[in-house]
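> First residue of the sequence shown? That's -13 in our numbering, and the numbers climb one at a time after it.
The beta carbon of each residue, even a glycine, is placed where N, CA and C say it ideally should be.
Just so it is clear, the structure is predicted and the values come from calculations on it, not from any experiment.
Here it is: the structure, laid out below.
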Amino acid sequence: MAGHSKWANIQHRKGRQDAKRGKVFTKLIKEITVAAKMGGGDTGMNPRLRLAIEKAKAESMPKDNIENAVKRGTGLLEGVNYEEVRYEGYGIGGVAVMVDCLTDNKVRTVADVRHAFVKHGGNMGTDGCVAFQFKHCGQIILEPGASEEAVMEAALDAGAEDVIPNEDGSIEVLTSPEPRAFEAVKDALEKAGFKPAVAEITMRPEAETELTGDDAAKMQKILDALDSLDDVQEVYTNAVLPE
């Protein structure tokens, strides 16, 4: 659905996230801790950690917070042992929802996620029930006005998998989800003078479903309820909601 103003939808999502900056800090600290635990504290050797720290700096997280999160991950400071877990389910009208969590108590987390779905009219599903509707990939989005030809040249030369111009003028670049491959494309675009508005490794819906009116309002409640949970890191959906 290239014509539904992807750019407006992205701005809407980013605006809601910015309004919850304290929650964003908590998520980023968890991600840094887990990345350091899994791949070590050397950003030169750990691209997942490098990307997590880059995101934290973009959100103006204090340096001490970042360093302490790395130390907790590498065992230099005592900390909580987080586990990665993913839940899948359905929202209003059967739209797909995926929920990525970092938790120290899966029993608590699954109960909280199920409650958020059911309370607002959704349903929690089984593993794999909606995963096939998403593509795990790197996603870089440039604001309307960028030169499609120049973006395509820089991105494809750096190993991008696809460049998608949207009808609203924004340009979407898709990469491998492997952090080094994603970074290579992002760095090439920045060197070519393009500053990404969004740059993340994500679960991108293969097809989207536009919701309006009451259905859109109900769906937003599901997404907000899930996103407000302490253990939830990311919520992905193929629903497109109005601003």
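Just to confirm before moving on: does the CB-CB distance between G77 and V85 stay below 8 angstroms?
no
> According to DSSP, which residues form a beta bridge with A82?
Y76
> For T19, which three-state DSSP category applies?
helix
> Of the choices V96, A38 and G155, whose alpha-carbon is the least far from that of I15?
A38
> Please state whether DSSP places G(-11) in a helix, a strand or coil.
Because the pLDDT at G(-11) is just 43, under 50, the model does not fix this residue reliably, and the point stays unresolved.
> Buried or exposed for F180, please, with buried defined as at least 16 other CB atoms from any protein chain shown within 10 angstroms of its CB.
buried
> For the beta strand (DSSP E) that G124 lies in, which residues bound it at each end?
F120 to L128
> Using the C-alpha atoms, what's the distance from H106 back to M205?
8 angstroms
> Using the C-alpha atoms, what's the distance from E153 back to E147?
20 angstroms
> Within the continuous alpha helix (DSSP H) that includes P33, where are the two ends?
P33 to A44
> Could you pull out every residue in the same chain whose Cβ sits closer than 6 angstroms to the Cβ of A(-12), ignoring the five residues on either side in sequence?
Residue placement at A(-12) is flagged as unreliable, the pLDDT there being 40, under the threshold of 50; the coordinate-derived value follows with that caveat. N152 and E153.
> Along the chain, where does the alpha helix (DSSP H) containing A185 start, and where does it finish?
Element bounds for A185: not the alpha helix (DSSP H) but the beta strand (DSSP E), V184 to P191.
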